[in-house]
Each structure stands twice: as C-alpha cells, then as structure tokens.
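Chemist: Just so you know, we're using this note's numbering here: the sequence shown kicks off at 3 and counts up by one. We put the CB at the ideal spot given by N, CA and C, even for glycine. Just so it is clear, the structure is predicted and the values come from calculations on it, not from any experiment. Just passing along the structure, written as structure tokens.
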Amino acid sequence: MHGVRPFVLLSVAAALLGCDPGSVATSKSPPAKKSAAADDNADAGSVRIQSEPFGDTKEGVPITRYILANDRGMTVSIINYGAVVTSIEVPDREKKASNVVLGFPTLEGYLGKDPYFGCIVGRYANRIAKGKFKLNGKTYTLAINDGPNHMHGGLKSFSDAVWSARPTAPAADGKSAGVELMYESPDGEEGYPGMVKTTVIYTLTDANELRIDYRAVSDKPTIINLTSHIYWNLRGAGTRDVFDHVLTLNADKFLPVDATLIPTGEIRPVKGTAMDFTSPARIGARLSEVDGGGVKGYDHCYVLNPRTDPAKQAAARVEDPESGRILEIFTTEPGIQLYTGNQLTGKPEDGGFKQYTAFCLECQHFPDSPNRPEFPSTVLEPNKPYTQTTIHRFSVK
Ligand code: BGC
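Put into structure tokens, the structure is as follows:
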C-alpha cells in the first residue's frame with residue numbers, strides 16, 4: 003500500500019482546483035453542462051475531481067469514490083476497490099447524459115463474485131491454459147478458476163484488492179483531472195512469482211476522453227497482462243441489448259479458441275466470416291453464428307493491425323445509432339478481446355443485467371501468451387517496467 007491518505011491529498015488538490023472535496027456531485031447528479039458536443043473546443047472548460055465515501059469492505063476498510071467531471075457533461079466515477087469504474091455519464095446527441103457502463107449501485111455488489119464490472123484485471127487478464135506456465139526453466143502453477151484454466155488473475159484478482167488512491171497533480175491548464183491508484187501484489191499471490199507494484203491513472207479530459215495509463219514493476223521475472231474490464235452499453239446501462247450497436251475493429255485477424263476459450267495457436271483472417279468487423283457491422287448481425295465457449299456470442303481476442311501511431315489510429319469504434327453516442331478506443335496493446343456479455347444472467351450477482359446487454363473491448367496481450375512463445379511476450383523483467391496507455395474517446399453524431 004501507498005501509505006497515502008487520500009482525503010488529505012484530495013483536499014490539497016481540491017483546494018488548488020477550487021472545489022470542496024466534501025460537497026460532491028454523485029454520478030446520478032452530474033454537474034451543470036455547458037455543451038455536450040465533444041468536438042466543440044471553443045466550449046472547453048476545467049475538469050474537476052471530488053470524492054465521497056463508498057462504504058466499507060467486510061474487513062472494515064473504508065472505500066472512496068472519486069468523481070471526475072468536465073464541462074461537456076461527462077462524469078466518470080472510480081472507486082479504490084478493484085480500481086473499478088462504477089459509472090460513466092456521457093451526453094447523447096440531444097445533450098442528455100446517461101450512464102453507459104454496467105455496475106452496482108453500492109460496494110456490496112463488487113465484494114461478491116461479480117462479472118468483473120469496470121475493474122482492472124490482473125495480474126493476467128484472460129486465460130492461461132490449465133493454470134500452468136514455464137519461466138526461466140521453472141513451472142509455475144496458478145489458481146484454477148475457469149473450468150480447467152486460470153482466468154483474470156485467479157481467485158483473488160486485482161479486481162478484489164483495495165488499492166491506495168489519490169488525485170493526480172492538477173493539470174496547469176485545468177483541461178484534465180485524474181486519479182492514481184496503486185496496488186502491491188505480493189510475491190506468490192495466486193501462484194505468480196515476484197512482488198508487482200501496479201499503478202493505474204484514470205484521467206478525464208475536457209475533450210470527453212477517459213485515458214488509462216498503466217505501469218507495473220516487479221522485483222523478479224514474472225508475467226503480466228492488465229486490462230480494463232468495462233462493460234459498455236452506449237444507449238445506457240440497463241436499457242436493452244447491444245445488438246444494434248455498430249462496431250468497427252482495426253483487426254484483420256483473430257485468435258480461434260478451443261472449447262475452453264484457450265487460443266489454438268492459429269492466427270486466422272476474419273475476412274468473409276462472422277468475425278469480420280473491418281468495416282462497420284451491427285454487433286448482433288452475425289452473433290448467433292459465433293461460439294463463445296458453448297454459448298452464442300463473441301468472446302475472442304482480435305489481433306490489432308500494426309498502427310504507426312496508436313494514439314491517433316483507433317483500435318475500435320462503436321456507434322449507437324439511436325443515442326448518437328460514439329466510442330473510439332486507442333491503445334498501445336497488441337490485442338483486443340471482444341466479449342458480448344454472453345455469460346450475463348440477469349441475476350442480482352450480475353447486477354440484474356441480462357445476456358448481451360453490454361459489450362467489453364478489453365485492450366490486452368493475447369490469452370495464454372506465457373505458453374505461446376510465438377505471441378508477443380508478456381514477461382515482466384525486474385527494472386523494466388510494463389506500460390500501457392488506452393484512451394476512450396466519446397463523441398456524438
Ligand atoms: C472473458 C469472458 C468472461 C468475462 C467475465 C471476459 O473477459 O473473456 O469469457 O465470461 O470476462 O468474466
């Protein structure tokens with residue numbers, strides 16, 4: 003843990019930003035908006051951060067919710083349990099803001115076995131076959147928590163950890179504000195070697211972008227694959243399925259998987275198949291043709307096409323024709339997992355959200371890379387930090 007007292011730092015940052023950390027807007031009551039147009043720079047204003055208590059863990063640890071808000075009507079709420087993004091309010095083409103991510107209204111939902119709503123997944127997002135991998139001649143055995151495989155970091159993922167948190171230093175131009183979260187994963191956690199210190203910074207800009215910067219360092223050679231597990235519904239969380247959302251992926255190839263969703267090793271072109279999103283296509287158009295591990299739907303890692311400038315060339319673009327909301331994703335990662343909420347049941351542990359009512363676009367390295375030397379490496383060497391930057395940009399049409 004950081005040893006940083008969030009409220010003290012927040013008060014300092016808030017004073018510098020000219021806001022009162024005690025009196026907060028909640029995600030349900032976004033601050034006054036000047037304009038919802040993401041492309042109207044003339045209307046740019048300051049981005050603010052506030053905080054409020056978000057309940058206690060079962061062990062009595064108080065959890066804080068940080069709320070970032072800009073003058074364009076966008077609000078992002080983040081808690082320091084699991085580094086979860088609990089809500090993102092974004093304006094539609096009529097400038098009406100709605101929450102576009104799945105989550106729970108209170109901490110309790112996140113403390114149970116939830117579907118990884120909005121969290122940071124680690125140490126290894128996605129699957130490792132049979133929970134085994136070899137590193138420098140030694141075989142490591144990880145927790146098995148998904149059929150025969152290891153998934154999303156194991157029984158206690160980064161999503162189940164209390165992170166230390168503090169607002170980032172205020173931006174000089176006031177055009178962004180952020181929260182920095184830190185988690186120290188002990189040597190041997192869930193079977194992984196090395197003590198890993200992970201820092202995640204969420205930044206909201208006045209251009210309606212949510213930027214996520216990751217950094218991780220280890221004291222021993224280990225493996226790492228971090229991702230944000232936000233479930234999106236651009237029409238609004240809880241409205242209906244995402245079949246009409248139009249998706250474009252900057253990916254000519256994907257990784258076919260076996261029945262337990264482990265890549266077979268083949269890298270297959272998408273052209274002419276239900277996997278093809280190289281030109282805009284409705285998510286629901288061919289979803290029933292796709293096997294997502296015994297259930298219909300997408301649950302596959304796409305191999306992103308090489309991008310000379312990942313900050314400018316989108317990896318993914320999603321448009322909801324009804325609300326007009328558009329989400330573009332830019333990332334430094336080599337892959338993106340498209341998951342269409344195939345396993346959502348509508349039960350309380352899934353927040354009441356039904357199958358196909360959201361999609362995830364998880365920027366990450368390929369699943370099972372530690373057992374696939376031909377895939378980009380996920381080895382983390384001491385003194386050679388892991389970094390990732392992923393940007394979610396919103397606009398309307
Ligand atoms: C996986 C799915 C899984 C979901 C929730 C996704 O990242 O690819 O198979 O059901 O996370 O755990």
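Since Ile400 sits in a beta bridge, which residues does DSSP pair it with?
Modeler: A question about residue 400 goes unanswered here, because the residues of the chain that appear run from 3 up to 399.
Chemist: Below 8 Å, is the gap between the Cβ of His152 and the nearest heavy atom of the ligand BGC?
Modeler: Along the sequence shown, one-based indexing puts residue 152 at 150. No, Cβ of His152 sits at least 8 Å from all heavy atoms of the ligand BGC.
Chemist: Do Gln339 and His394 come within 9 Å of each other at the CB atom, strictly closer than that value?
Modeler: Working through the sequence shown from its first residue, we reach residue 394 at position 392. Working through the sequence shown from its first residue, we reach residue 339 at position 337. No, they are not a contact pair.
Chemist: Can you grab the Cα-Cα spacing for the pair Tyr160 / Glu335, in whole Å?
Modeler: In the sequence shown, the residue the question calls residue 160 occupies position 158. In the sequence shown, the residue the question calls residue 335 occupies position 333. A small fix is needed here, since residue 160 is Phe in this sequence, not Tyr. Each residue's alpha carbon lies about 19 Å from the other.
Chemist: Quick check on Ala253: does DSSP put it in helix, strand or coil?
Modeler: Here residue 253 is taken as the residue at index 251 of the sequence shown, counted from 1. Of the three classes helix, strand and coil, the one that applies to Ala253 here is coil, per DSSP.
Chemist: Can you tell me where the alpha helix (DSSP H) with Tyr233 in it begins and where it stops?
Modeler: Mapped onto the sequence shown, residue 233 falls at position 231. Here Tyr233 belongs to no alpha helix (DSSP H), and DSSP marks it neither H nor E.
Chemist: Is it true that the CB of Ala313 sits closer than 9 Å to the CB of Leu363?
Modeler: Numbered from its first residue, the sequence shown carries residue 363 at position 361. Numbered from its first residue, the sequence shown carries residue 313 at position 311. No, the Cβ-Cβ distance between Leu363 and Ala313 is not below 9 Å.
Chemist: Can we say the region 352-363 touches the region 239-257, given the rule of at least three CB pairs closer than 8 Å?
Modeler: Taking 8 Å as the limit for Cβ pairs, the verdict is that the region 239-257 does touch the region 352-363.
Chemist: Determine the contact status of Gly120 and Leu109, defining contact as a CB-CB distance below 9 Å.
Modeler: Numbered from its first residue, the sequence shown carries residue 120 at position 118. Numbered from its first residue, the sequence shown carries residue 109 at position 107. It is not a contact, given that the beta carbons lie outside the stated cut-off.
Chemist: At a cut-off of 8 Å, would you count Glu192 as near the ligand BGC, judging by its Cβ distance to the nearest heavy atom?
Modeler: To locate residue 192, count along the sequence shown from 1; it is residue 190. False, no ligand heavy atom lies under 8 Å from that Cβ.
Chemist: Check the C-beta distance from Val259 over to Thr250 and give it rounded, since I have them as a contact under 8 Å.
Modeler: In the sequence shown, the residue the question calls residue 259 occupies position 257. In the sequence shown, the residue the question calls residue 250 occupies position 248. Not really, about 22 Å apart at Cβ, beyond 8 Å.
Chemist: At a cut-off of 8 Å, is Asp162 close to the ligand BGC when judged by its beta-carbon and the heavy atoms of the ligand?
Modeler: Stepping through the sequence shown from its first residue, residue 162 is reached at position 160. Flag unset: Cβ of Asp162 not near the ligand BGC.
Chemist: State the DSSP-derived secondary structure class of Asp162, mapped to helix, strand or coil.
Modeler: The residue given as residue 162 occupies position 160 in the sequence shown. It is helical.
Chemist: What would DSSP say about Val180, mapped onto helix, strand or coil?
Modeler: The residue you call residue 180 lines up with position 178 of the sequence shown. The amino acid occupying residue 180 in the given sequence is Gly; Val does not appear at that position. Here Gly180 sits in strand by DSSP.
Chemist: Can you round the beta-carbon distance between Phe361 and Gly343 to whole angstroms, since I take them to be within the 8 Å contact cut?
Modeler: Locating residue 361 in the sequence shown gives position 359, where the first residue counts as 1. Locating residue 343 in the sequence shown gives position 341, where the first residue counts as 1. About 7 Å; that satisfies the 8 Å criterion.
Chemist: Going by beta carbon distance, what residues of the same chain come within less than 8 Å of Val305, once the five residues before and after it are set aside?
Modeler: In the sequence shown, counting from the first residue as 1, residue 305 sits at position 303. Within the same chain, Val305 has close Cβ partners Ala253, Asp254, Lys255, Phe256, Leu257, Ile269, Pro336, Gly337, Phe368.
Chemist: Can you tell me whether Ala167 is helix, strand or coil according to DSSP?
Modeler: As a first step, residue 167 is located in the sequence shown; it is residue number 165 there, counting from the start. Here Ala167 sits in strand by DSSP.
Chemist: So, are the CB atoms of Thr262 and Ala131 less than 9 Å apart?
Modeler: Numbered from its first residue, the sequence shown carries residue 262 at position 260. Numbered from its first residue, the sequence shown carries residue 131 at position 129. Contact: yes.
Chemist: Return yes when at least one heavy atom of the ligand BGC lies under 8 Å from the C-beta of His367, else no.
Modeler: Locating residue 367 in the sequence shown gives position 365, counting from the first residue. No; taking the cut-off as 8 Å, the Cβ of His367 has no heavy atom of the ligand BGC nearer than that.
Chemist: Does the beta carbon of Leu251 fall short of 8 Å from some heavy atom of the ligand BGC?
Modeler: Position 249 of the sequence shown, counting from 1, holds the residue named residue 251. The answer is no for Leu251.
Chemist: Taking DSSP's pairing of strands, which residues face Thr200 in a bridge?
Modeler: Locating residue 200 in the sequence shown gives position 198, counting from the first residue. DSSP, once it has assigned bridges, lists Tyr185, Ala218 as partnering Thr200.
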